[in-house]
Amino acid sequence: MIRFKEACVLDSDSGPFNVIQEAIRDWNLDQKHFSLTSISEIRNDKSTSKLMDLFIQRKCLPVRGELYNIVCVDDVLNTIVSKGEPMLHVVGGILEKFVQQQMSSSLTRQQLLEVVSHMGLKCPQEDAKWWHKIYFRLEVFLYFKKAFPSEELLSGEDAKTVDSVCKILRTFHRAVEVISSPVRPTANIYFNELWKVRTTLQEEASTDHTELANMVCEMQETFNEYWQNSYVWLSIPVVLDPRFKITFIEFRLKRAFGSDTDKYLSAIRDIVRELFHEYCGPVDKPGVDTSNREARDVKLDGFDSDSLEDWDEHLNAQTRSQLLTELDNYLEDGLVPRKDDFDILNWWMSNSTKYPTLSVMARDVLAMPASAVHFEAASSSEGPVIHKQWSTLDIKTVEALVCTRDWIK
């Protein structure tokens, strides 16, 4: 984190544009700026589009900015869940009644907290988003369901609905937890977490419960819209994962989209090759001392730079062809065996001699964040907040404290 600003600064028409541009200028990030991850309000803001156009004009962004303006995945997942808010609140009400009448009379609060801790769950904070609270209650209910049978309070149909809703929210909660982890996961894991969300919604869409099926249908519509706008940037890091590469993407897409798979794969392959081509760069020309230009012209016996432009282009084409072979070799090489402790960044560092250009590209692509905030802020209804004791401090002092704390973490 290199900037922390008041909300009122960002609320103005040019707020995000000025803040981001200032930060990039002060930290000399013009040529090191790969992507921007933001919530929907900022992503769709005119000033953000203005910023993107400016960087494209300066040729600071790879592949025409295709990987630049990324919507925060936490924001998307919260939007998808909100489509089922009425139904989820009904389920939450059923659970509240069950907990109050059955469990509260049998367990003390301390005993309940011990059981929750044993389950590996964390009690949501008071300011947690509503669906995080419902999910927590669902998990606790399912854990105690066998110990507190009560057909009067929870029929078999309701129990089945609760189980389905919990499965959906568990997948969303897991995705938010992984993607917004303070450990800052590499970008190759995002695709799989979101694919789990897609798979879960697809499985629950076939339920006989009409209201639940309608809820899932609305969620799917929003997810599919997000997928159409994001599948390229989600797939590229997976291509650069030596355990999966393009083969894994093809496997997933064929199962999901059938005959439309070629359309998606073609777009992914084109961007990968274009991005790699940009990382290859042009062949550097030898420096020419202009003060001795006349002497050099005589020494070269007429072979001036202008007459050799076509030769330079030929050399560039040859070099690019050789470098593209590097990409082809990587894609054609066998997959690395999967193991739990696999370190993808270490793998690329170890193979940087074999794939010199591709390793640099992978380093940047794998660093793309999918979340604009850490999990604590992502799960909070109030978003990122500062400590109460900091509220009276000068904004610059608060910015220094917040940024320093983030660096130390």
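Sequential numbering from 1 applies to the sequence shown in UniProt numbering.
We put the CB at the ideal spot given by N, CA and C, even for glycine.
Exercise. Quick one: grab the DSSP three-state call for N28.
Key: The residue given as residue 28 occupies position 28 in the sequence shown. Coil, per DSSP.
Quiz item: S352 by DSSP, collapsed to three states: which one?
Solution: As a working note, residue 352 is residue 352 in the sequence shown. Reduced to three states, the DSSP call for S352 is coil.
Quiz item: Where does Q57 land, buried or exposed, given buried means 16+ other C-beta within 10 angstroms?
Solution: As a working note, residue 57 is residue 57 in the sequence shown. Q57 is exposed by the Cβ-count criterion.
Quiz item: Do you know offhand how far F257's Cα is from E204's?
Solution: Within the sequence shown, residue 257 is the residue found at index 257, counting from 1. Within the sequence shown, residue 204 is the residue found at index 204, counting from 1. Rounded to whole angstroms, F257 to E204 spans 18 Å at the Cα level.
Quiz item: How many angstroms separate the CA atom of I134 from the CA atom of F55?
Solution: The residue given as residue 134 occupies position 134 in the sequence shown. The residue given as residue 55 occupies position 55 in the sequence shown. Distance between the alpha carbons of I134 and F55: 43 Å.
Self-check item: First and last residue of the uninterrupted alpha helix (DSSP H) at L212
Solution: As a working note, residue 212 is residue 212 in the sequence shown. Here the alpha helix (DSSP H) through L212 covers T210 to V239.
Quiz item: Hey, is the segment 324-343 in contact with the segment 188-202, meaning 3+ C-beta pairs nearer than 8 Å?
Solution: These segments do not touch.
Quiz item: Rounded to a whole number of angstroms, what is the C-alpha to C-alpha distance between Y68 and D341?
Solution: As a position in the sequence shown, residue 68 is number 68, starting the count at 1. As a position in the sequence shown, residue 341 is number 341, starting the count at 1. Cα to Cα, Y68 sits roughly 30 Å from D341.
Quiz item: Helix, strand or coil for T207 per DSSP?
Solution: Position 207 of the sequence shown, counted from the first residue, corresponds to residue 207. Residue state, collapsed to three classes: coil.
Quiz item: For S371 versus S180, is the C-beta spacing smaller than 7 Å?
Solution: Taking the first residue of the sequence shown as 1, we reach residue 371 at position 371. Taking the first residue of the sequence shown as 1, we reach residue 180 at position 180. Contact flag set, yes.
Quiz item: Which residue comes first and which comes last in the beta strand (DSSP E) that contains V71?
Solution: To locate residue 71, count along the sequence shown from 1; it is residue 71. Counting along the chain, the beta strand (DSSP E) containing V71 begins and ends at N69 to V71.
Quiz item: If we count the other Cβ atoms within 10 Å of its Cβ and call it buried at 16 or more, is I268 buried or exposed?
Solution: Residue 268 sits at position 268 when you count from the first residue of the sequence shown. The C-beta of I268 has 16 or more other C-beta atoms within 10 Å across all chains shown, which makes the residue buried.
Practice problem: Counting only the same chain and skipping the five closest in sequence on each side, list residues whose C-beta sits under 8 Å from that of V336. | Solution: Within the sequence shown, the letter at position 336 stands for residue 336. So the list reads P242, R243, F342 and W347, once near-sequence residues are dropped.
Exercise. Return helix, strand or coil for L194, following the three-state DSSP convention.
Key: Locating residue 194 in the sequence shown gives position 194, where the first residue counts as 1. Helix at L194.
Practice problem: Can you grab the Cα-Cα spacing for the pair E22 / E399, in whole Å? | Solution: For the purposes of this step, residue 22 is taken as residue 22 along the sequence shown, with counting starting at 1. For the purposes of this step, residue 399 is taken as residue 399 along the sequence shown, with counting starting at 1. Here the C-alpha atom of E22 lies approximately 15 Å from the C-alpha atom of E399.
Practice problem: List the whole-angstrom C-beta distance separating F276 from T186, where the pair is believed to meet the contact cut-off of C-beta under 8 Å. | Solution: As a first step, residue 276 must be located in the sequence shown, where it is residue number 276. As a first step, residue 186 must be located in the sequence shown, where it is residue number 186. Contact annotation, F276 with T186: C-beta distance approximately 19 Å; criterion of less than 8 Å not satisfied.
Quiz item: For V76, which residues of its own chain have a beta-carbon under 6 Å away from its beta-carbon, when the five flanking residues on both sides are left out?
Solution: The residue you call residue 76 lines up with position 76 of the sequence shown. If the five residues before and after V76 are omitted, its C-beta is found closer than 6 Å to the C-beta atoms of Y226, all from its own chain and listed in chain order.
Practice problem: Could you please give the first and the last residue of the uninterrupted beta strand (DSSP E) stretch that includes S38? | Solution: As a first step, residue 38 must be located in the sequence shown, where it is residue number 38. From DSSP, the beta strand (DSSP E) with S38 extends over L36 to S38.
Quiz item: Cβ of S350 within 7 Å of Cβ of S359?
Solution: For the purposes of this step, residue 350 is taken as residue 350 along the sequence shown, with counting starting at 1. For the purposes of this step, residue 359 is taken as residue 359 along the sequence shown, with counting starting at 1. Contact check for S350 against S359 fails: the beta carbons are separated by 7 Å or more.
Practice problem: For N292, name the three-state secondary structure that DSSP assigns. | Solution: Here residue 292 refers to the residue found at position 292 when the sequence shown is read from its first residue. Low local confidence applies: a pLDDT of 45 at N292 is under 50, so the model's placement there is unreliable, and no value is given.
Quiz item: Just the Cα atoms here: how many angstroms apart are R293 and L308?
Solution: The sequence position of residue 293 within the sequence shown is 293, counting from 1. The sequence position of residue 308 within the sequence shown is 308, counting from 1. At R293 the pLDDT is 43, less than 50, meaning the model places this residue with poor confidence; the figure from the coordinates comes in the next sentence. Distance between the alpha carbons of R293 and L308 is about 15 Å.
Self-check item: Given Q31 as reference, the closest of K396, W407, D406 and D364 once Cα atoms are compared
Solution: What you label residue 31 is simply residue 31 of the sequence shown in a count that begins at 1. Per the C-alpha coordinates, the member of K396, W407, D406 and D364 positioned closest to Q31 is D364.
Quiz item: Out of K339, A367 and D270, which has the shortest C-alpha to C-alpha gap to L327?
Solution: Mapped onto the sequence shown, residue 327 falls at position 327. Comparing Cα-Cα distances from L327 to each of K339, A367 and D270, the minimum goes to D270.
Exercise. Alpha carbon to alpha carbon, how far is C217 from P237? Give it in angstroms, no decimals.
Key: As a position in the sequence shown, residue 237 is number 237, starting the count at 1. As a position in the sequence shown, residue 217 is number 217, starting the count at 1. Those two C-alpha atoms are separated by around 29 Å.
Quiz item: Leaving out five residues before and five after D158 in sequence, what residues of the same chain have Cβ atoms less than 7 Å from its Cβ?
Solution: For this step, residue 158 is matched to residue 158 along the sequence shown. Only residues of its own chain outside the window of five on either side were considered, and among them I94 have a CB closer than 7 Å to the CB of D158, listed in chain order.
Practice problem: Flag this pair as yes or no: are the beta carbons of T161 and L212 separated by less than 7 Å? | Solution: As a first step, residue 161 is located in the sequence shown; it is residue number 161 there, counting from the start. As a first step, residue 212 is located in the sequence shown; it is residue number 212 there, counting from the start. Contact annotation: T161 and L212 have beta-carbon atoms nearer than 7 Å.
Exercise. Note down, in chain order, each residue of its chain lying with its Cβ closer than 8 Å to the Cβ of L300, except the 5 sequence neighbours on either side.
Key: Translated into the one-based positions of the sequence shown, residue 300 becomes position 300. Confidence is the limiting factor: at L300 the pLDDT is only 45, short of 50, which leaves the residue's position unreliable and the question unanswerable from this model.
Quiz item: Would you call residue 413 buried or exposed, if buried means 16 or more other Cβ atoms sit within 10 Å of its Cβ?
Solution: Look at the range of the chain in this structure, 1 to 409, and you will see that residue 413 is not part of it.
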